[in-house]
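With our numbering, letter number 212 in the sequence shown gets 405, and the count goes up by one each step, no holes.
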Amino acid sequence: MSQTTVYVGSYAEKEAQSIYVYRLDSESGKLTYINGTSGILNPSFLTVNANQTRLYAVSETSDRPGSVVAYALDSHTGELTRLNEQSTNGAAPCHLALADHENYLVLPNYVGGSICLYPLQQDGQIGELAYEVQHHGSSINLDRQESAHPHSTNIDPSGTFVFVPDLGLDKIIIYKIDRASQQLVLQGDTMVQPGSGPRHFVFHPQQNYAYVINELSSTITAFEYDPEIQTLTAMQTVSTLPTGYTGKVNTTAEVRIDPSGRFLYGSNRGDDSIVVFAINPANGQLTYVEHVSTQGKGPRNFTLTPDGAMLLVANQDSNNIVSYTIDKQTGKLTAMGENLQVPHPVCLKIFS
194 MSQTTVYVGS YAEKEAQSIY VYRLDSESGK LTYINGTSGI LNPSFLTVNA NQTRLYAVSE
254 TSDRPGSVVA YALDSHTGEL TRLNEQSTNG AAPCHLALAD HENYLVLPNY VGGSICLYPL
314 QQDGQIGELA YEVQHHGSSI NLDRQESAHP HSTNIDPSGT FVFVPDLGLD KIIIYKIDRA
374 SQQLVLQGDT MVQPGSGPRH FVFHPQQNYA YVINELSSTI TAFEYDPEIQ TLTAMQTVST
434 LPTGYTGKVN TTAEVRIDPS GRFLYGSNRG DDSIVVFAIN PANGQLTYVE HVSTQGKGPR
494 NFTLTPDGAM LLVANQDSNN IVSYTIDKQT GKLTAMGENL QVPHPVCLKI FS
């Protein structure tokens with residue numbers, strides 16, 4: 194792999210450029226701008242279909258219902274052509290995922306507290322909202338957990354179950370996509386420790402383990418995952434922070450596993466670092482490897498190249514994207530010296 198495409202979402206006004214398309218050179222880590230678009234407010238999370246012909250983005254607004262926008266994508270030129278837009282019926286949509294062989298789009302409204310399911314049409318347009326489920330409740334952090342705040346929609350390996358970490362409820366709530374009724378059918382939920390604030394979630398690529406990064410407690414919880422009955426059993430919780438951390442505030446953001454399934458990565462906002470863990474293949478538990486500075490502030494999102502050779506991190510508060518090589522034997526990161534300036538980058542999607 195010598196050239197890779199990177200899609201970047203950012204916080205930006207509607208009139209400003211807010212989605213960027215870059216080519217990544219794997220030898221140097223350099224990102225070269227090839228295209229982008231404006232006309233969408235705060236595209237804080239993106240997803241791209243498997244053959245890179247469609248891009249979908251949420252438009253995150255905190256004081257009124259947000260929206261989700263579909264684009265036709267030319268993977269050679271990076272050109273984005275707007276197809277259509279649908280309301281999310283709730284404030285602050287903050288994530289989205291393709292499900293069921295890319296027949297559906299599912300997303301959470303963080304402030305609105307709901308999950309939305311949309312069918313996708315053959316031309317890539319987003320159909321009208323098919324189903325919406327509202328979360329209710331609260332937890333012990335009076336500032337951040339006064340109500341439900343679903344933070345991500347994560348699709349199981351079969352493509353038909355949706356795992357939703359709800360930061361406000363301290364739960365991971367599991368739904369099945371029912372094709373016949375086009376509804377989200379509740380399967381159950383799993384509690385994390387009160388006050389944790391579960392945010393993003395990832396399945397192990399080869400084995401029946403799963404992991405959630407907890408924003409408020411700066412921890413990662415490892416689970417045994419039963420794909421037959423769609424249950425999670427907690428087996429370990431580890432801190433994402435360095436021993437003896439004395440900073441006043443830290444919140445976590447993203448969690449990723451490398452394609453080999455050997456290493457897990459998480460981001461700290463406050464310590465402004467990526468924490469690296471080795472995954473024990475026998476039991477899925479995590480062993481600390483290292484912390485690496487993100488060379489910026491507020492690493493809201495990061496991603497790995499498909500071959501697991503590189504990691505890119507988006508520092509929202511310092512307006513930069515930094516590239517690292519990954520040692521495939523140890524999982525350790527080495528900065529490549531490339532530091533791209535981008536206004537408020539908050540989502541990275543990468544494809545070869």
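Note that beta-carbon positions come from the ideal geometry of N, C-alpha and C, so glycine has one too.
Since we're looking at a predicted model, the values are computed, not measured.
Closer than 6 angstroms by C-beta to Val326: which residues in its own chain qualify, once you throw out the five before and the five after it? Chain order, please.
Ile308, Leu377
Euclidean distance between Cα positions of Met194 and Ser255:
Summary for Met194: the model assigns pLDDT 34, below 50, so the residue's position carries little reliability, and this model does not support an answer.
Check Gly440 in the structure and name its three-state DSSP category.
coil
Within its chain, find whatever has a CB closer than 7 angstroms to the CB of Ser486; leave out the 5 residues flanking it on each side and keep chain order.
Asp465, Ser466
Gln315 versus Leu298: straight-line alpha-carbon distance, rounded:
13 angstroms
In this structure, does DSSP put Gln429 in helix, strand or coil?
strand
Is Met194 helix, strand or coil when you go by DSSP?
Reliability fails at Met194, whose pLDDT of 34 lies under 50, so the model's placement of it is uncertain and no value is given.
DSSP three-state assignment for Asp151, whether helix, strand or coil
Residue 151 is absent from the structure shown; the chain starts at 194 and stops at 545.
Less than 7 angstroms between C-beta atoms, sequence neighbours within five positions excluded: which residues of the same chain meet that for Tyr481?
Phe470
Report the residue from Ser268, Val261, Leu291, Glu295 whose alpha carbon sits nearest the alpha carbon of Gly283.
Val261
Between which two residues does the beta strand (DSSP E) containing Gly283 stretch?
273-284
In the DSSP assignment, what residue or residues form a beta bridge with Gly459?
Val448, Val468
If we ignore side chains and look at the alpha-carbon of each, how far apart do Gln279 and Lys369 end up?
22 angstroms
Identify, in the order they occur along the chain, each residue of the same chain with its Cβ nearer than 8 angstroms to the Cβ of Asn334, setting aside the five sequence neighbours on each side.
Gly388, Gly390, Leu409
Kindly list the residues whose CB is nearer than 6 angstroms to the CB of Glu295, restricted to its own chain and excluding five residues on each side of it in sequence; keep chain order.
Asn242
Take the Cβ of Arg257 as the centre, count every other Cβ of all protein chains shown within 10 Å, and call the residue buried at 16 or more, exposed below.
exposed
Measuring alpha carbon to alpha carbon, tell me which of Gln375, Leu457, Ala250, Glu421 ends up nearest Pro412.
Checking the sequence, you will find Thr at residue 412 rather than Pro. Of the candidates Gln375, Leu457, Ala250, Glu421, the one whose C-alpha sits nearest the C-alpha of Thr412 is Leu457.
DSSP state of Ala403 mapped onto helix, strand, coil:
strand
Following the continuous beta strand (DSSP E) through Val395, name the residue where it begins and the one where it ends.
391-396
Quick check: the stretch 496-514 against the stretch 219-235, are at least 3 beta-carbon pairs closer than 8 angstroms?
yes
Applying the 10 Å Cβ sphere with the 16-neighbour rule, what's the burial state of Ser545?
exposed
Given Val357 as reference, the closest of Arg337, Asn277, Phe396, Asp336 once Cα atoms are compared:
Phe396
Per the contact definition of three or more C-beta pairs closer than 8 angstroms, is the stretch 227-237 in contact with the stretch 199-208?
yes
Which residues mark the beginning and the end of the beta strand (DSSP E) in which Leu266 is found?
258-266
According to DSSP, is Lys490 helix, strand or coil?
coil
Quick check on the DSSP output: the beta strand (DSSP E) that includes Gln376 runs from which residue to which?
376-384
Leaving aside the five residues before and after Ile406 along the sequence, list all residues of the same chain whose C-beta is less than 6 angstroms from its C-beta, in chain order.
Arg392, His393, Ile413, Thr445, Val448, Gly459
Would you kindly check if the distance between the Cβ of Leu313 and the Cβ of Ala323 is under 7 angstroms?
no
Can you give the beta carbon distance from Ala265 to Gly317, rounded, assuming they're within the 8 angstroms contact cut?
6 angstroms
In the DSSP assignment, find the beta strand (DSSP E) that holds Lys369 and state where it starts and stops.
364-371
Once the 5 residues before and after Gln509 are set aside, which same chain residues still bring their CB inside 6 angstroms of it?
Gly491, Arg493, His537, Val539
Compute the beta-carbon to beta-carbon distance between Ile319 and Asn277, rounded to the nearest angstrom, for a pair I have assumed lies under 8 angstroms.
6 angstroms
From Gln400 to Met529, what does the alpha carbon distance come to, in whole angstroms?
31 angstroms
By the DSSP assignment, the beta strand (DSSP E) with Pro312 in it spans what residues?
307-312
May I ask which residues mark the beginning and end of the beta strand (DSSP E) holding Phe416?
412-419
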